[in-house]
Amino acid sequence: MTTFPQDCKMRAVFCFIFVNIWQVVAGQIHYSIPEETGKGYLVGNIAKDLKLEIKELSHRGVRLFSSGRTQHFALNYKSGHLYTTERIDREEICGWVEKCVLNFEIIVGESMKVYGVRVEITDINDNAPKFHSEKMELKISELTLPGSQFPLYEAQDPDLGNNSLQGYKLSSNSYFPLNMQTTVNGRQYAELLLGKPLDREEEADHNLVLTAYDGGNPVRSGTVQIHVMVLDANDNPPVFSQHIYEVNLREDTSIGTTAVTLKATDLDEGINKELKYSFIKITAKASQIFHLDSNTGEITLAENLDYEDSTRYEMEAQVHDGGELFDQSKVIIFVTDVNDNAPELMITSIINSVPENSPPGTAIALLKVQDQDSAKNAEVMCSVPSNFPFQLMKSYGSYYSLVTNRALDREQVMAYNITVTATDHGTPSLSTSLIIPLQILDINDNPPLFRQSSYVSYLLENNQRGASVFSLKADDPDWGENSRITYSIIKSQMADFPLSSFLSINSETGIIYALSSFDYEEFREIHFQVKAQDGGSPPLSSSVSVTLFILDQNDNAPEILYPSPPTDGSTGVELAPRSSEPGYLVTKVVAVDADSGQNAWLSYQLLKATEPGLFTIGLHTGEIRTARPFLDKDALKQSLVVLVKDNGQPPLSASVTVTVVLADSIPEVLTDLSSVSAPADPQSDLTFYLVVALAFVSCLFFTFLLVLLALRLRRWRNSRLCDSGSLNFTEVPVSQFVGISGAQAFLHSCCHDFSLTTDSQKSNLGFPKGNSPSSPVK
Ligand SMILES: *[C@@H]1O[C@H](CO)[C@@H](O)[C@H](O)[C@H]1NC(C)=O
Ligand SMILES: *[C@@H]1O[C@H](CO)[C@@H](O)[C@H](O)[C@H]1NC(C)=O
40 MTTFPQDCKM
50 RAVFCFIFVN
60 IWQVVAGQIH
70 YSIPEETGKG
80 YLVGNIAKDL
90 KLEIKELSHR
100 GVRLFSSGRT
110 QHFALNYKSG
120 HLYTTERIDR
130 EEICGWVEKC
140 VLNFEIIVGE
150 SMKVYGVRVE
160 ITDINDNAPK
170 FHSEKMELKI
180 SELTLPGSQF
190 PLYEAQDPDL
200 GNNSLQGYKL
210 SSNSYFPLNM
220 QTTVNGRQYA
230 ELLLGKPLDR
240 EEEADHNLVL
250 TAYDGGNPVR
260 SGTVQIHVMV
270 LDANDNPPVF
280 SQHIYEVNLR
290 EDTSIGTTAV
300 TLKATDLDEG
310 INKELKYSFI
320 KITAKASQIF
330 HLDSNTGEIT
340 LAENLDYEDS
350 TRYEMEAQVH
360 DGGELFDQSK
370 VIIFVTDVND
380 NAPELMITSI
390 INSVPENSPP
400 GTAIALLKVQ
410 DQDSAKNAEV
420 MCSVPSNFPF
430 QLMKSYGSYY
440 SLVTNRALDR
450 EQVMAYNITV
460 TATDHGTPSL
470 STSLIIPLQI
480 LDINDNPPLF
490 RQSSYVSYLL
500 ENNQRGASVF
510 SLKADDPDWG
520 ENSRITYSII
530 KSQMADFPLS
540 SFLSINSETG
550 IIYALSSFDY
560 EEFREIHFQV
570 KAQDGGSPPL
580 SSSVSVTLFI
590 LDQNDNAPEI
600 LYPSPPTDGS
610 TGVELAPRSS
620 EPGYLVTKVV
630 AVDADSGQNA
640 WLSYQLLKAT
650 EPGLFTIGLH
660 TGEIRTARPF
670 LDKDALKQSL
680 VVLVKDNGQP
690 PLSASVTVTV
700 VLADSIPEVL
710 TDLSSVSAPA
720 DPQSDLTFYL
730 VVALAFVSCL
740 FFTFLLVLLA
750 LRLRRWRNSR
760 LCDSGSLNFT
770 EVPVSQFVGI
780 SGAQAFLHSC
790 CHDFSLTTDS
800 QKSNLGFPKG
810 NSPSSPVK
């Protein structure tokens with residue numbers, strides 16, 4: 040049979056929580072068995088009542104948990120039956136407790152479900168009422184008035200209800216009717232009432248039998264022989280002031296405290312009034328705790344009390360006068376609870392580690408809390424630190440489940456020491472705590488992350504093959520394989536760029552190597568992406584973009600574009616009119632450098648000159664200008680070696696020879712040409728065409744002269760023929776008159792005229808100050 044929560048008496052609050060929330064709470068099974076059954080008695084079928092498959096029983100780690108010292112029950116895993124492991128005596132286990140219930144729990148494996156099992160031990164009438172002594176002596180003075188009462192021994196029957204003591208009967212007699220009385224605690228006891236005056240001389244002794252009976256079936260009973268002695272008139276027995284002394288003592292009452300003082304009176308005088316007190320019935324244990332002063336009747340505490348050990352002590356005391364007379368009384372000491380026991384915490388199930396992705400509500404441990412005290416002193420509150428992602432859920436009875444209540448993150452907290460504290464409600468309250476260590480297991484929940492959002496690196500061109508270019512690093516806060524990172528280059532943003540032949544990455548270290556030597560003049564930057572992937576399952580990855588800038592190195596010498604270097608032995612010639620003023624721009628050296636920046640910043644200087652100081656060159660412009668007016672002594676042909684140098688480290692340079700001819704006009708240049716020895720300077724097409732043009736113009740000029748001469752000669756011969764004949768002229772060839780040397784002489788005279796005028800600096804003839812070397816010819 041199965042019933043539900045019964046344990047809610049003083050734990051109403053807890054039970055309220057428990058009923059409402061916690062799923063683990065599975066309820067309670069209730070069995071009832073009679074006491075005095077032997078070992079192996081079938082209590083019930085646990086498997087059936089918990090709806091567990093027999094097979095599951097052992098697999099799911101079902102076990103019994105009892106906080107008591109002895110295990111009274113055992114589970115048969117094959118049949119699912121619960122058996123007793125020993126003979127069960129209700130009176131031995133529960134004593135005076137009316138309802139005798141044995142509680143234990145069945146904990147089902149990993150789910151940490153708890154089922155409470157209550158086994159009620161029902162009473163059988165196995166005990167008869169029993170007096171602590173078989174004989175009782177009563178001494179009553181013959182002068183005692185009718186109506187006086189004399190308490191009788193009490194009988195004990197540890198059984199319950201109708202099986203317990205029901206009443207007393209006294210054997211029939213004519214003097215003493217039986218009178219029933221009730222103590223302050225509600226227990227009944229019997230008294231002997233004196234019905235009529237006694238007369239010792241008539242009847243000195245009365246023998247009675249008191250029978251105590253219970254209500255069992257069959258009825259059991261116990262008897263005591265009562266011997267009443269009638270005393271002489273002057274002979275009085277001592278009489279206790281109370282028939283039963285009942286005292287409540289706190290369990291923490293200090294040693295030496297007086298528990299109660301027994302008091303008896305004796306109407307006699309003299310020796311008969313010297314009363315002596317003593318225990319006549321006391322357990323060995325009680326005799327150690329309680330000390331009775333035989334003279335004063337004072338009972339003091341000789342040892343500490345313990346409510347948890349025993350809640351009540353019953354003793355019989357006797358008072359004796361100097362003679363034969365005595366009285367008896369009962370002393371009952373009730374021990375009251377004091378909060379002297381801290382709650383106990385027991386771990387009944389525990390797991391040492393949970394994966395970090397466990398959902399809230401995952402059970403970590405199952406705890407049982409108990410307190411040996413009673414009532415409020417045994418009410419216990421359990422707690423865990425609120426800043427931890429855990430909470431305690433009230434489970435069945437005094438069980439608590441420690442569960443997660445938030446998401447866990449191993450990367451934040453790898454392990455917890457969870458302190459569980461149990462505090463009772465006593466005054467002052469006591470508490471106990473224990474630490475539950477918990478390891479959080481890693482889940483691959485973090486992708487590797489690069490330390491920078493993007494990487495830029497620089498590499499000097501002409502690097503060594505295999506040189507490490509730079510390294511990048513990603514971090515993964517996970518653990519073990521989940522944080523083992525492999526790097527790879529995934530793609531280049533340059534279309535058709537065979538990145539793999541240029542760069543490679545060490546998959547473990549993240550160091551990038553250059554597989555080839557880069558040329559800044561070929562490409563200046565490379566974009567690509569690097570992926571970092573962890574070793575988890577499934578793996579997580581992230582990528583980062585990388586830009587690699589190739590840095591320029593001064594690996595290109597300046598290249599001179601103009602004047603162009605000699606290709607066929609001819610050379611360029613620059614014209615500078617003799618009349619040029621200082622600062623006249625003769626020509627400009629043009630050069631370029633394939634490098635960039637400083638490495639391409641060119642400077643020009645004159646390395647060598649036929650006439651030092653005649654020309655200057657602009658340091659950065661490359662413009663060759665005259666530095667002073669030309670003099671007659673200046674050579675016609677000036678050769679300048681120009682050095683073009685870049686600003687790299689170290690600098691690279693190129694040189695060119697510029698030939699400058701000091702001439703005012705093209706014909707002059709032409710005449711000079713013959714005298715100009717093969718120059719080292721190169722010749723451009725432009726110069727070539729210029730020369731051809733000059734030659735053509737010259738030819739026209741010669742033809743014109745020849746025609747002119749021929750016309751003159753003819754006029755002259757006509758006149759000579761008229762005068763003298765023409766013989767002389769036939770002997771001299773025309774060529775000897777008007778050969779090249781003749782033309783040269785003609786040109787010379789021209790030049791001479793011009794140089795005279797330029798020297799004077801006042802000529803408004805000749806060339807304008809412009810820079811055209813092919814200025815109009817006169
Ligand atoms: C106990 O005895 C009384 C009177 O004999 C009876 O009425 C009552 O039902 C009994 N109780 C039990 C539990 O047997
Ligand atoms: C938990 O306690 C143990 C023992 O005192 C200690 O070694 C460990 O470092 C603690 N762990 C944490 C996470 O505090």
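Residue numbers for the sequence shown follow our numbering, so the first one is 40 and each next one is one higher. For each residue, glycine too, the CB sits at the ideal point set by N, CA and C.
- DSSP places Ala615 in the uninterrupted beta strand (DSSP E) bounded by Val612 to Ala615.
- Going by beta carbons, His659 and Ser642 fall inside the 8 Å limit.
- With fewer than 16 other beta carbons inside 10 angstroms of its own, Arg126 counts as exposed.
- When DSSP states are grouped into helix, strand and coil, Tyr601 belongs to the strand group.
- Between ligand 2 and Tyr346, a heavy atom-to-CB distance of less than 7 Å is absent.
- Per DSSP, reduced to three states, the secondary structure at Gln367 is strand.
- Judged by the Cβ position, Asn456 qualifies as a neighbour of ligand 2 at the 7 Å threshold, a heavy atom of the ligand being closer than this.
- Spatial neighbours of Leu81 in its own chain (CB-CB distance under 8 Å, excluding positions within 5 residues in sequence) are listed in chain order as His120, Leu121 and Tyr122.
- Rounded to whole angstroms, the separation of the alpha carbons of Ser470 and Leu249 is 53 Å.
- In this structure, Thr466 lies away from Pro424, with their beta-carbon atoms at least 8 Å apart.
- Along the segment 442–484, the beta strand (DSSP E) occurs as fully enclosed runs of 3 or more residues at 454–463 and 470–480, listed in sequence order.
- Relative to Leu624, the option among Ser434, His566 and Ile663 whose CA is nearest is Ile663.
- Ala630 and Glu598 have their alpha carbons spaced roughly 5 Å apart.
- For the pair of segments examined, the segment 192–208 was found to touch the segment 127–146: the number of CB pairs separated by less than 8 Å reaches three.
- For Asn142, the secondary structure class from DSSP, reduced to helix, strand or coil, is strand.
- The three-state reading of DSSP puts Glu285 in strand, counting E and B together.
- Bounds of the alpha helix (DSSP H) holding Glu131 are Arg129 to Cys133.
- Taken from the Cβ of Pro476, at least one heavy atom of ligand 2 lies inside 7 Å.
- Sorting Gly255, Pro216, Leu191 and Arg259 by C-alpha distance to the C-alpha of Gln227 places Leu191 at the top.
- Contact between the segment 211–225 and the segment 291–308 is not established, with fewer than three Cβ pairs separated by less than 8 Å.
- Judged by pairs of C-beta atoms under 8 Å, the segment 262–271 touches the segment 237–254, as three or more such pairs exist.
- Closest in C-alpha terms to Glu613, from the list Ala666, Lys627 and Glu176, comes Lys627.
- Taking 8 Å as the upper bound for CB-CB distance, Leu217 and Gly186 are not in contact here, some 14 Å apart.
- Here the segment 142–157 makes contact with the segment 436–454; the two share three or more CB pairs at distances below 8 Å.
- For Asp244, the uninterrupted beta strand (DSSP E) segment begins and ends at Asp244 to Asp253.
- With fewer than 16 other Cβ atoms inside 10 Å of its own Cβ, Met453 counts as exposed.
- For the set Tyr116, His111 and Glu92, the Cα lying nearest the Cα of Arg102 is the one of Tyr116.
- For Cys421, the beta-bridge partners assigned by DSSP are Ala461.
- Taking C-beta separations shorter than 6 Å and ignoring five residues to either side along the sequence, the partners of Thr525 in its chain run Ser546 and Gln572, following chain order.
- Residues Asp481, Asn483 and Asn485 of the same chain have their beta carbon placed closer than 6 Å to that of Asp517, with the five preceding and five following residues left out of the count.
- In the three-state scheme derived from DSSP, where H, G and I count as helix and E and B as strand, Arg756 is classed as helix.
- At least 8 Å separates the beta-carbon of Ala341 from that of Ile372.
- Fully contained in the segment 193–268 are the following beta strand (DSSP E) runs of length 3 or more, in chain order: 204–209, 217–221, 227–232 and 244–253.
- If you check the CB distance, Ala325 and Tyr352 come in under 8 Å.
- Residue pairing of Asn84 in beta bridges, as defined by DSSP: His120.
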